[in-house]
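Each remark here refers to the structure printed beneath this line.
Number of protein chains: 2
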Amino acid sequence: MEELLETREIIISSEKLGAFCGVNPAQVRKDLTFFGEFGVRGVGYNIGNLLHHIQKILATDKEWHLCIVGLGNLGHALVENDNMRKRGYNFVAAFDIDPLKIGTKLDCGLTIEPNSRISVLVPKLKIEIGVIATPPLMAQGVSNLLMSAGVRGIYNFVPVQVRTDACCVVENVDFTVKLENLAYHIGKIN
Amino acid sequence: MEELLETREIIISSEKLGAFCGVNPAQVRKDLTFFGEFGVRGVGYNIGNLLHHIQKILATDKEWHLCIVGLGNLGHALVENDNMRKRGYNFVAAFDIDPLKIGTKLDCGLTIEPNSRISVLVPKLKIEIGVIATPPLMAQGVSNLLMSAGVRGIYNFVPVQVRTDACCVVENVDFTVKLENLAYHIGKIN
DNA sequence: GCCTGTGAATCCATTCACAGCT
DNA sequence: AGCTGTGAATGGATTCACAGGC
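Top to bottom, those sequences are chains A and B.
Residue numbering for the first sequence follows this note's numbering, beginning at 4 and increasing consecutively.
Residue numbering for the second sequence follows this note's numbering, beginning at 4 and increasing consecutively.
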């Protein structure tokens with residue numbers, strides 16, 4: 004989306020927007036009007052303006068504070084991932100229970116804290132989203148810690164279903180799901 | 004799903020199956036009958052039998068050969084991930100261009116090979132799926148290499164849209180998509 | 001009686017087509 | 001004339017409800 008700003012155009016039609024991301028122009032308009040009227044009839048959508056509104060809607064106009072729990076390879080990969088940072092998702096704390104890891108400084112500047120500090124650091128650093136990449140058995144316990152510390156959402160990379168209360172949203176990631184898609188499609192072709 | 008095998012039950016009803024994964028019982032039946040008649044009227048579905056059929060359908064009854072390209076933190080996390088291995092997705096080769104990494108032995112037993120060996124190792128090891136976790140600029144080049152080497156699917160962890168020919172399926176992973184979901188929901192609540 | 005398999009009914013998302021604004 | 005916003009039409013997926021087999 005940001006790419007569009009780099010073209011010299013100021014205005015874009017639902018037609019072009021649709022072509023750009025592979026959907027029907029009517030779809031684009033329906034979706035957009037669900038949130039408000041951002042276009043001008045007979046003209047189109049102001050790109051900068053539209054982007055601003057979308058950011059508002061997706062709440063990507065603000066900077067989010069995240070923490071990572073569990074610094075195995077995956078945990079590391081996530082904290083160092085600057086794609087997230089670029090989009091406004093900033094890791095401001097890192098937790099683990101391994102005494103060997105605690106105190107270690109990460110490339111991104113964070114120092115690994117013990118899980119026991121979750122309850123104090125989450126409120127202090129205004130952490131809204133907890134990302135978990137722990138061993139499976141720890142996932143539920145860590146989630147509970149995060150929730151009672153006041154986290155509003157949990158991004159779960161552990162292949163385990165995590166139970167939460169209503170005030171906390173969960174998104175699960177399971178790498179094998181998309182692999183199954185691939186496998187299914189490949190299997191169908193031959 | 005496998006978890007169900009561990010319960011003492013042998014037979015399960017569409018009702019319970021639905022409850023188990025949060026869908027309507029009729030949905031369960033419709034979906035299953037699409038592929039065949041696996042249940043017994045008045046009784047239910049034999050769990051072991053059903054699992055077998057599903058594995059057949061999803062082609063998870065066979066062992067898949069994968070390779071990883073790009074061994075940063077994420078690449079490491081993926082190859083070492085035994086959740087994939089358990090489900091039949093086995094990494095049988097690892098590639099990188101960094102001369103410092105080439106020749107290194109990974110915990111999983113693989114030795115990192117230079118990208119230049121992709122074209123020979125993919126056919127030799129019968130690799131069907133290539134997983135890419137390289138820097139963004141390399142992603143397209145690596146994909147081309149993989150495709151011409153005969154890979155049937157690409158699992159793309161790089162935040163870049165990769166073009167492929169029809170004979171090759173792509174699945175893209177972007178960690179920020181689910182973060183946007185979280186952010187949107189959290190934003191709506193308060 | 002119980003639970004599957006399935007046509008019919010319902011719901012929801014996508015698309016069409018046009019009225020209305022610039 | 002051009003393009004948005006939107007009711008109406010379409011189509012696909014979900015759910016209902018019951019016939020058929022255990």
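Note that CB positions come from ideal geometry on N, CA and C, so glycine has one too.
(1) From Ile15(A), Leu69(A), Leu124(A), Gly75(A), pick the residue whose C-alpha is nearest to that of Ile50(A); which is it?
(2) If we define contact as Cβ-Cβ less than 9 Å, is His79(B) a contact residue for chain A?
(3) Following the continuous beta strand (DSSP E) through Cys170(A), name the residue where it begins and the one where it ends.
(4) When the Cα of Gly39(B) is compared with those of Lys19(B), Leu20(B), Ile60(B), Leu148(B), which residue comes out closest?
(5) So, helix, strand or coil for Asp99(B), using DSSP?
(6) With DSSP as the reference, label Lys19(A) as helix, strand or coil.
(7) Under a CB-based cut-off of 9 Å, is Ile71(A) close to chain B?
(8) For Ser146(A), count neighbouring C-beta atoms within 10 Å of its own C-beta (all shown protein chains included) and say buried if the count is 16 or more, exposed if not.
(9) According to DSSP, what are the bridge partners of Gly144(B)?
(10) Based on DSSP bridge pairs, tell me the residues matched to Tyr92(B).
(11) By DSSP, does Val134(B) sit in helix, in strand, or in coil?
(12) Given this structure, state the Cα-to-Cα distance separating Ile105(B) from Ile115(B), to the nearest angstrom.
(13) Comparing C-alpha positions only, which one of Val154(A), Leu140(A), His79(A) sits nearest to Pro162(A)?
(14) Output the boundary residues of the beta strand (DSSP E) element that contains Ile13(B).
(15) So is Asn86(B) in contact with chain A if we call contact Cβ pairs under 9 Å?
(16) With 9 Å set as the bound, which would you pick, yes or no: does the beta-carbon of Arg44(A) sit closer than that to a beta-carbon of chain B?
(17) Using a Cβ-Cβ cut-off of 7 Å (strictly less than) and excluding sequence neighbours within five positions of Lys129(B), which residues of its own chain qualify?
(18) Along chain B, in chain order, which residues have C-beta atoms closer than 7 Å to that of Pro162(A)?
(19) Would you kindly check if the distance between the Cβ of Thr63(B) and the Cβ of Arg90(B) is under 9 Å?
(20) Report the neighbours of Arg90(A) on chain B: residues whose CB is nearer than 9 Å to its CB, in chain order.
(21) Determine whether the beta carbon atoms of Ala136(A) and Val72(A) lie at a separation below 9 Å.
(22) In whole angstroms, give me the CA-to-CA distance for Leu149(A) and Pro138(A).
(23) Should Asn27(A) go down as buried or exposed, given a rule of 16 or more other Cβ atoms within 10 Å for buried?
(24) Ends of the alpha helix (DSSP H) at Gly78(A)?
(25) How would you write the range of the beta strand (DSSP E) that Ile115(A) sits in, first residue to last?
(26) Excluding the 5 residues flanking Val95(B) on each side, which residues of the same chain have their C-beta closer than 6 Å to its C-beta?
(27) Starting from the beta carbon of Asp153(B), find every residue of chain A whose beta carbon is closer than 8 Å, and list them in chain order.
(28) Residues of the segment 51-63 of chain A in Cβ contact with chain B at a cutoff of 7 Å, in chain order, please.
(29) Going by the CB atoms, is the gap between Val154(A) and Thr176(A) shorter than 9 Å?
(30) According to DSSP, which residues form a beta bridge with Lys108(A)?
(31) For Glu40(A) and chain B, any beta-carbon pair shorter than 9 Å?
(32) Please name the residues in the segment 131-142 of chain A whose beta-carbon is closer than 7 Å to at least one beta-carbon of chain B, in chain order.
(33) If I measure Cβ to Cβ from Asp110(A) and keep anything under 7 Å in the same chain, skipping five residues before and after, which residues do I get?
(34) What did DSSP end up calling Gly51(A) once you bin it into helix, strand or coil?
(35) Mind listing which residues of the segment 98-129 of chain A have their C-beta closer than 7 Å to chain B's C-betas, in chain order?
(36) At which residues does the beta strand (DSSP E) containing Gly156(B) begin and terminate?
Taking the geometry as given:
(1) Stepping through the first sequence from its first residue, residue 50(A) is reached at position 47. That would be Ile15(A), whose Cα lies nearest to the Cα of Ile50(A).
(2) For the purposes of this step, residue 79(B) is identified with residue 76 of the second sequence, where counting begins at 1. It does: the Cβ of His79(B) has a partner Cβ on chain A nearer than 9 Å.
(3) As a position in the first sequence, residue 170(A) is number 167, starting the count at 1. Looking at the DSSP string, Cys170(A) is not in any beta strand (DSSP E), and its letter there is neither H nor E.
(4) Looking up residue 39(B) in the second sequence gives position 36. For Gly39(B), the closest C-alpha among the options Lys19(B), Leu20(B), Ile60(B), Leu148(B) is that of Ile60(B).
(5) Mapped onto the second sequence, residue 99(B) falls at position 96. Looking at Asp99(B) - three-state DSSP - the assignment turns out to be strand.
(6) Against the first sequence, residue 19(A) aligns to sequence position 16. In the three-state DSSP reduction, Lys19(A) falls in the helix class (H, G or I).
(7) As a first step, residue 71(A) must be located in the first sequence, where it is residue number 68. With 9 Å as the cut-off, Ile71(A) does not count as an interface residue toward chain B.
(8) Your numbering for residue 146(A) matches position 143 in the first sequence. Result: buried.
(9) Sequence index remark: in the second sequence, residue 144(B) carries index 141 (1-based). For Gly144(B), DSSP assigns no beta-bridge partner whatsoever.
(10) Within the second sequence, residue 92(B) is the residue found at index 89, counting from 1. Per DSSP, the beta-bridge partners of Tyr92(B) are Trp67(B).
(11) For this step, residue 134(B) is matched to residue 131 along the second sequence. If DSSP states are grouped into helix, strand and coil, Val134(B) belongs with the strands.
(12) As a position in the second sequence, residue 105(B) is number 102, starting the count at 1. As a position in the second sequence, residue 115(B) is number 112, starting the count at 1. Going by the C-alpha atoms only, they are around 5 Å apart.
(13) Here residue 162(A) refers to the residue found at position 159 when the first sequence is read from its first residue. Nearest option by C-alpha distance: Leu140(A).
(14) Taking the first residue of the second sequence as position 1, residue 13(B) is located at position 10. In this chain, Ile13(B) is not harboured by any beta strand (DSSP E), its DSSP state being neither H nor E.
(15) Here residue 86(B) refers to the residue found at position 83 of the second sequence. Yes, contact with chain A.
(16) Position 41 of the first sequence, counted from the start, is the residue given in the question as residue 44(A). The beta carbon of Arg44(A) sits no closer than 9 Å to any beta carbon of chain B.
(17) Position 126 of the second sequence, counted from the start, is the residue given in the question as residue 129(B). Contacts found: His68.
(18) What you label residue 162(A) is simply residue 159 of the first sequence in a count that begins at 1. Chain B residues near Pro162(A): Asn86.
(19) By 1-based counting over the second sequence, the position of residue 90(B) is 87. By 1-based counting over the second sequence, the position of residue 63(B) is 60. Thr63(B) is positioned such that its CB atom lies closer than 9 Å to that of Arg90(B).
(20) Your numbering for residue 90(A) matches position 87 in the first sequence. Residues of chain B passing the Cβ test: Thr179, Leu182, Glu183.
(21) Working through the first sequence from its first residue, we reach residue 136(A) at position 133. Working through the first sequence from its first residue, we reach residue 72(A) at position 69. In this structure, Val72(A) lies closer than 9 Å to Ala136(A) by Cβ.
(22) In the first sequence, residue 149(A) corresponds to position 146, counting from 1. In the first sequence, residue 138(A) corresponds to position 135, counting from 1. Approximately 16 Å, taken between the alpha carbons.
(23) Indexing the first sequence from 1 puts residue 27(A) at position 24. Taking all protein chains shown into account, Asn27(A) has fewer than 16 neighbouring C-beta atoms within 10 Å of its C-beta and is therefore exposed.
(24) For the purposes of this step, residue 78(A) is taken as the residue at position 75 of the first sequence. Taken as a continuous stretch (DSSP letters only), the alpha helix (DSSP H) holding Gly78(A) covers 76-83.
(25) In the first sequence, residue 115(A) corresponds to position 112, counting from 1. Its beta strand (DSSP E) spans residues 115-117.
(26) The sequence position of residue 95(B) within the second sequence is 92, counting from 1. Same-chain partners within the cutoff: His68, Leu128.
(27) The residue you call residue 153(B) lines up with position 150 of the second sequence. Sequence check: residue 153(B) is Gly here, not Asp. Going along chain A, no residue has its Cβ under 8 Å from Gly153(B), so there is no contact; the nearest lies around 12 Å.
(28) Only Leu61, Ala62, Thr63 from the segment 51-63 of chain A bring a Cβ to less than 7 Å from some Cβ of chain B.
(29) Numbered from its first residue, the first sequence carries residue 176(A) at position 173. Numbered from its first residue, the first sequence carries residue 154(A) at position 151. The sequence given here places Val at residue 176(A); Thr does not occur at that position. Against a cut-off of 9 Å, the Cβ pair of Val154(A) and Val176(A) comes out as no contact.
(30) The residue labelled residue 108(A) in the question sits at position 105 within the first sequence. Lys108(A) has Thr114(A) as its beta-bridge partners, per DSSP.
(31) Within the first sequence, numbered from 1, the residue matching residue 40(A) stands at position 37. It does not; no Cβ of chain B falls within 9 Å.
(32) When C-beta distances to chain B are compared with 7 Å, the residues of the segment 131-142 of chain A below that value are Glu131, Ile132, in chain order.
(33) Residue numbering aside, residue 110(A) sits at position 107 when the first sequence is read from its first letter. Here the set comprises Glu83.
(34) By one-based count along the first sequence, residue 51(A) stands at place 48. Look at Gly51(A) here: in three-state DSSP terms it is helix.
(35) Those residues of the segment 98-129 of chain A that come within reach of chain B (Cβ to Cβ, closer than 7 Å) do not exist; the list is empty.
(36) Sequence index remark: in the second sequence, residue 156(B) carries index 153 (1-based). Unbroken beta strand (DSSP E) run through Gly156(B): 156-159.
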